[in-house]
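Quick note, the sequences are listed as chains A and B, same order. Under the UniProt record's numbering, the residues of the first sequence are numbered 1 to 204, in order. Under the UniProt record's numbering, the residues of the second sequence are numbered 1 to 439, in order. The structure under discussion appears below in the form of structure tokens.
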Amino acid sequence: MAHDRPPEREAPAGPRSDAEVIVRSRREPDAFAEIFHRHFAEIHRYAARRLGPDAADDIAAETFLVAFRKRGRFDPERGTVRPWLYGIVTRLIGLHRRSEGRRYRALARTPAENVHDGHEDLVAARVTAGDAGADIADALARLPRGERDVLLLVALADLSYEEVGQALGLKTGTVASRLHRARRRLREALGAEFKASITEEATA
Amino acid sequence: MTGIDEMDGVRRLLAEPPEPSPEASAKAFAKLADEMSGGRSRTSRAGRPWFARPLGLGAGLVAAGAAAAVAIAVTGPGTSGSPGARGTATPPEKVDLNKQAVLAAAAKAALMPTGKYWYTDQVSGQSYIVRPKTGAYAVVGAHSEFFQWSGARKGMGEAFFGRDIPARPLTPKDEALWRRAGSPSAFRVWSNDHYYTYDRHVSKWDADRPDAQGGGRWLGDGDAGLTVDDLQNLPTDPASLTARFLKGASGPDPRRIERTLAQKQREPVPADPNARAARAAAIQSLQNDLEKAEQAQREDPHGSRAKVMDAEEVMMELPLPPAVRAGLMRALAAQPGVRAIGPVTDPLGRKGTALAAADTTTEVTGEFGAPAAEQGSYTSHEEIMFDPATGELLGSRDVLDRPGGAYRSQPPGFVINYWLVRSSGWTDAKPKPPAKLPF
Numbered sequence: 001m002a003h004d005r006p007p008e009r010e011a012p013a014g015p016r017s018d019a020e021v022i023v024r025s026r027r028e029p030d031a032f033a034e035i036f037h038r039h040f041a042e043i044h045r046y047a048a049r050r051l052g053p054d055a056a057d058d059i060a061a062e063t064f065l066v067a068f069r070k071r072g073r074f075d076p077e078r079g080t081v082r083p084w085l086y087g088i089v090t091r092l093i094g095l096h097r098r099s100e101g102r103r104y105r106a107l108a109r110t111p112a113e114n115v116h117d118g119h120e121d122l123v124a125a126r127v128t129a130g131d132a133g134a135d136i137a138d139a140l141a142r143l144p145r146g147e148r149d150v151l152l153l154v155a156l157a158d159l160s161y162e163e164v165g166q167a168l169g170l171k172t173g174t175v176a177s178r179l180h181r182a183r184r185r186l187r188e189a190l191g192a193e194f195k196a197s198i199t200e201e202a203t204a
Numbered sequence: 001m002t003g004i005d006e007m008d009g010v011r012r013l014l015a016e017p018p019e020p021s022p023e024a025s026a027k028a029f030a031k032l033a034d035e036m037s038g039g040r041s042r043t044s045r046a047g048r049p050w051f052a053r054p055l056g057l058g059a060g061l062v063a064a065g066a067a068a069a070v071a072i073a074v075t076g077p078g079t080s081g082s083p084g085a086r087g088t089a090t091p092p093e094k095v096d097l098n099k100q101a102v103l104a105a106a107a108k109a110a111l112m113p114t115g116k117y118w119y120t121d122q123v124s125g126q127s128y129i130v131r132p133k134t135g136a137y138a139v140v141g142a143h144s145e146f147f148q149w150s151g152a153r154k155g156m157g158e159a160f161f162g163r164d165i166p167a168r169p170l171t172p173k174d175e176a177l178w179r180r181a182g183s184p185s186a187f188r189v190w191s192n193d194h195y196y197t198y199d200r201h202v203s204k205w206d207a208d209r210p211d212a213q214g215g216g217r218w219l220g221d222g223d224a225g226l227t228v229d230d231l232q233n234l235p236t237d238p239a240s241l242t243a244r245f246l247k248g249a250s251g252p253d254p255r256r257i258e259r260t261l262a263q264k265q266r267e268p269v270p271a272d273p274n275a276r277a278a279r280a281a282a283i284q285s286l287q288n289d290l291e292k293a294e295q296a297q298r299e300d301p302h303g304s305r306a307k308v309m310d311a312e313e314v315m316m317e318l319p320l321p322p323a324v325r326a327g328l329m330r331a332l333a334a335q336p337g338v339r340a341i342g343p344v345t346d347p348l349g350r351k352g353t354a355l356a357a358a359d360t361t362t363e364v365t366g367e368f369g370a371p372a373a374e375q376g377s378y379t380s381h382e383e384i385m386f387d388p389a390t391g392e393l394l395g396s397r398d399v400l401d402r403p404g405g406a407y408r409s410q411p412p413g414f415v416i417n418y419w420l421v422r423s424s425g426w427t428d429a430k431p432k433p434p435a436k437l438p439f
């Protein structure tokens, strides 16, 4: 498997790159359909991993509406289309922070509890992740939003630091530092609830 | 500090969801079509043929991307608390001059002053191997500097800055090989699961989330963080500090993995071939995890690597009162598996004294696309370094013990990554990130 950003990702079918399609769609709006066809499934998948499949339907649809409306502002010199779309979907997910938090907290509960609540998909996720899944889910729920956005764009969307920077409007150094902090928090959560114990004891 | 398992954990927890349903895709496209036509013809557009086209030509590619989880599995330390870990029957101590040096530094740490603002200026980098025909050499990439400050009390403000600093050859020998290769200004290197090019540019300081009303909390926002008062009230004796901060159990517990594995194996084998393959893959992956966790427990039964990293975290990110800092250094020096390793020179050229964790193995496989030159296993240990004159933290690094894998031609002592405190402390003037580069 080649893992160096496959070039075909930006221009999957035919001769026109994503950027060219967007530029063309400024004169011919219908051309934007191509962007939808190339990226809808991926953006939907990302939203589903963060918010669950139902919410993902709305968020992914909204992402392409926003992208279409903002296509005049897409600057092909400054980045590629995937990070741009991920930036939009990330901001939309940000408006659903509470439901994202609820999802992670449900993932942190025991599989048995989730079965009672009819969350079979969450049970499956927990079994795949092993027992550590509860700790990870709990830590994800507690991560500051900026760190969670960076962490999940790297872990799930497979964006490079540079692309995450484009998506969120951050410098690469900032991306690196947020990722570092987020990963530290997760590692701690995988251990002995290190952080929780500090704060509990300190505020007791 | 290349913990990587947690990323894999996130990927597994937030597993691949099903593809969007055709209905959802159609509805989403109808909305877009409506927008594209300026809202005029929802229905007429809804039946256009591109609709029926299979969505997501990218799907396969994306799945490959998501599966491109990181290939390195850091064999972290196992669980904490083996019997006898509590220094009950310490053998009659030989005089360990290296340990004495750390304890002397701890005494100095107790004398640090305080002020209105606390700041920390940190530099982190990761070594990568460049392999031109003229000879392989190591460069430090992902090279960043972070500067953060916070007022002592809420309302005094806080800010966090970051900048990229130039990638550079790691040692004078690497620099010579870099020159022989024509002094390139960009380095294309394998990074976990993809190639990345690091270069020699410097970015401007980028302010991330400055908050003029913030301040007064560390290691967490809002109520979650510690206040100056919380920090002043921390204990100073090594036993309490060990219990509080040096938990050390960062590796997954083999017994937990065993339980999950047994549970998975008890499940009936599904008839559907895809589900069957998924189950087999899950079992295989759990078995690998179990093997790694057991190896980690053998290599580092007391979890010393995690304890050293715990201490790094606390000492880098918290303005600990001097007596607490001193107590924590004494506590860490007394942990089983932690050894004092004598005089060191950190990557900024500063002389230090250091504590090291146990040697642990990291294995890189080709599972996620690593080229042959990057595959294999090596052994390394985590070090925490202190200034012997002041007791201040100089930083930490992961150091090669047994060459192998990507580092097969590097000598023991090769620095795999570092996270340094360039400067840190209390001041009365509002702190500003330095213009001068650390290297």
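The C-beta atom is built at its ideal place from N, Cα and C for all residues, glycine as well.
Which bits of chain B does residue i rub up against, with CB to CB less than 8 Å?
| i | result |
| --- | --- |
| threonine 172 of chain A | Ser144, Asp164 and Ser203 |
| isoleucine 136 of chain A | Glu6, Gly9, Val10 and Leu13 |
Closer than 7 Å by beta-carbon distance: list the chain B residues that pair up with residue i, in chain order.
| i | result |
| --- | --- |
| aspartate 30 of chain A | Met36 |
Who are the neighbours of residue i on chain A, taking C-beta pairs under 8 Å?
| i | result |
| --- | --- |
| aspartate 206 of chain B | Leu170, Lys171, Gly173 and Thr174 |
| glutamate 374 of chain B | Per Cβ cutoff of 8 Å: no residues; glutamate 374 of chain B is ~11 Å from chain A at best. |
| tyrosine 378 of chain B | In chain order: nothing, as chain A lies at least about 20 Å away. |
Using only the alpha-carbon positions, how far apart do residue i and residue j sit?
| i | j | result |
| --- | --- | --- |
| alanine 152 of chain B | arginine 187 of chain A | 28 Å |
| threonine 88 of chain B | leucine 140 of chain A | In this predicted model, threonine 88 of chain B has a pLDDT of only 35, less than 50, meaning its place in the structure is not dependable; the value taken from the coordinates is given anyway. Rounded to the nearest angstrom, the two C-alpha atoms are 38 Å apart. |
| arginine 12 of chain B | arginine 27 of chain A | 43 Å |
| lysine 418 of chain B | phenylalanine 161 of chain B | A quick correction: the sequence has tyrosine, not lysine, at residue 418 of chain B. Their Cα atoms are separated by approximately 19 Å. |
| arginine 142 of chain A | proline 301 of chain B | 30 Å |
| valine 364 of chain B | arginine 408 of chain B | 12 Å |
| aspartate 346 of chain B | isoleucine 88 of chain A | 42 Å |
| histidine 39 of chain A | arginine 82 of chain A | 8 Å |
| alanine 2 of chain A | alanine 186 of chain B | Residue confidence for alanine 2 of chain A is low, a pLDDT of 35 falling below 50, so the modelled location carries little weight; the figure read from the coordinates is stated next. Those two C-alpha atoms are separated by around 21 Å. |
| glutamine 232 of chain B | arginine 325 of chain B | 11 Å |
| arginine 45 of chain A | glutamate 19 of chain B | 7 Å |
| methionine 36 of chain B | glutamate 100 of chain A | 30 Å |
| alanine 52 of chain B | arginine 145 of chain A | Here alanine 52 of chain B scores only 26 on pLDDT, less than 50, and its place in the model should not be relied on; the value that follows carries that caveat. Their Cα atoms are separated by approximately 37 Å. |
| proline 438 of chain B | serine 124 of chain B | 11 Å |
| aspartate 32 of chain A | arginine 350 of chain B | The question names aspartate, but residue 32 of chain A in the sequence shown is phenylalanine. Computed Cα separation, rounded: 57 Å. |
| threonine 362 of chain B | glutamate 291 of chain B | 12 Å |
| glutamate 313 of chain B | proline 411 of chain B | 28 Å |
| glycine 395 of chain B | methionine 385 of chain B | 5 Å |
Going by alpha carbons, who is nearest to residue i out of the options?
| i | options | result |
| --- | --- | --- |
| glycine 115 of chain B | B/Lys430, B/Ala239 and B/Pro411 | B/Lys430 |
| glutamate 383 of chain B | B/Gly342, B/Lys264 and B/Ile257 | B/Gly342 |
| valine 397 of chain B | B/Arg330, B/Leu348 and B/Pro438 | Contrary to the premise, residue 397 of chain B reads as arginine rather than valine in this sequence. Taking only the C-alpha atoms, the option nearest arginine 397 of chain B is B/Leu348. |
| leucine 355 of chain B | B/Met36, B/Ser423 and B/Ala105 | B/Ala105 |
| arginine 179 of chain B | B/Gly135, B/Trp205 and B/Ala296 | B/Gly135 |
| arginine 298 of chain B | B/Thr360, B/Asp5 and B/Arg266 | B/Thr360 |
| valine 175 of chain A | A/Val150, A/Leu85, A/Ala41 and A/Arg98 | A/Val150 |
| lysine 436 of chain B | B/Ser423, B/Pro412 and B/Asp428 | B/Ser423 |
| threonine 379 of chain B | B/Val399, B/Gly425, B/Met385 and B/Val139 | B/Val399 |
| arginine 339 of chain B | B/Gly327, B/Ala357, B/Leu328 and B/Met329 | B/Ala357 |
| phenylalanine 68 of chain A | B/Leu32, B/Ala15 and B/Gly327 | B/Leu32 |
| aspartate 289 of chain B | B/Met316, B/Pro254 and B/Lys264 | B/Pro254 |
| glycine 155 of chain B | B/Pro371, B/Gly248 and B/Thr227 | B/Thr227 |
| tryptophan 426 of chain B | B/His381, B/Pro321 and B/Trp205 | B/Pro321 |
| alanine 55 of chain A | B/Arg259, B/Ser21, B/Pro336 and B/Gly38 | B/Ser21 |
Could you name the residues of chain B that residue i contacts, counting a contact when the two beta carbons are closer than 9 Å?
| i | result |
| --- | --- |
| proline 53 of chain A | Pro17, Pro18, Pro20, Ser21 and Ala24 |
| histidine 96 of chain A | Ordered by position in chain B, no residue passes the 9 Å Cβ test against histidine 96 of chain A, which lies about 15 Å from the chain. |
Along chain A, which residues have their Cβ under 7 Å away from the Cβ of residue i?
| i | result |
| --- | --- |
| valine 140 of chain B | Those within 7 Å of valine 140 of chain B in chain A number zero; the least Cβ separation is about 13 Å. |
| valine 189 of chain B | The premise fails here: valine 189 of chain B is roughly 11 Å from chain A at the closest Cβ pair, so nothing lies under 7 Å. |
| arginine 11 of chain B | Ala155 and Leu156 |
| methionine 196 of chain B | In the sequence as displayed, the identity of residue 196 of chain B is tyrosine instead of methionine. Correct list: Ser160. |
| glutamate 294 of chain B | Residues of chain A passing the Cβ test: none, with the nearest at roughly 15 Å. |
Between residue i and residue j, which are expected to be in contact by the criterion C-beta below 8 Å, what is the C-beta distance as a whole number of angstroms?
| i | j | result |
| --- | --- | --- |
| threonine 120 of chain B | valine 415 of chain B | Not confirmed; about 21 Å, so no contact. |
| alanine 331 of chain B | proline 238 of chain B | 4 Å |
| leucine 122 of chain A | valine 154 of chain A | In fact, because the Cβ distance is near 23 Å, the residues do not count as touching under 8 Å. |
| lysine 307 of chain B | glycine 248 of chain B | 4 Å |
Residues of chain A with CB closer than 9 Å to the CB of residue i, please, in chain order.
| i | result |
| --- | --- |
| glutamate 299 of chain B | The contacting residues do not exist; glutamate 299 of chain B stays about 17 Å from chain A at best. |
| phenylalanine 29 of chain B | Ala33, Phe36, His37, Phe40, Ala61 and Phe64 |
Distance cutoff 8 Å, beta carbons only. Does residue i sit that close to anything in chain C?
| i | result |
| --- | --- |
| leucine 151 of chain A | Of the protein chains in this structure, namely A and B, none is chain C. |
Enumerate, from N- to C-terminal direction, the unbroken beta strand (DSSP E) stretches of 3 or more residues contained entirely within the region 184 to 271 of chain B. 186 to 191, 194 to 199 and 206 to 211
Residue ranges of each beta strand (DSSP E) within the region 105 to 174 of chain B, 3 or longer: 117 to 130, 137 to 151 and 158 to 164
Taking only runs that begin and end inside the UniProt domain "RNA polymerase sigma-70 region 2" (36 to 102) of chain A, name each unbroken alpha helix (DSSP H) of 4 or more residues, in chain order. 53 to 69 and 81 to 94
If you scan the region 303 to 381 of chain B from start to end, which runs of the alpha helix (DSSP H) of 4 or more residues do you find wholly inside it? 304 to 317 and 322 to 333
As an exercise, report each continuous beta strand (DSSP E) stretch of at least 3 residues that is fully enclosed by the region 403 to 437 of chain B, in chain order. 415 to 427
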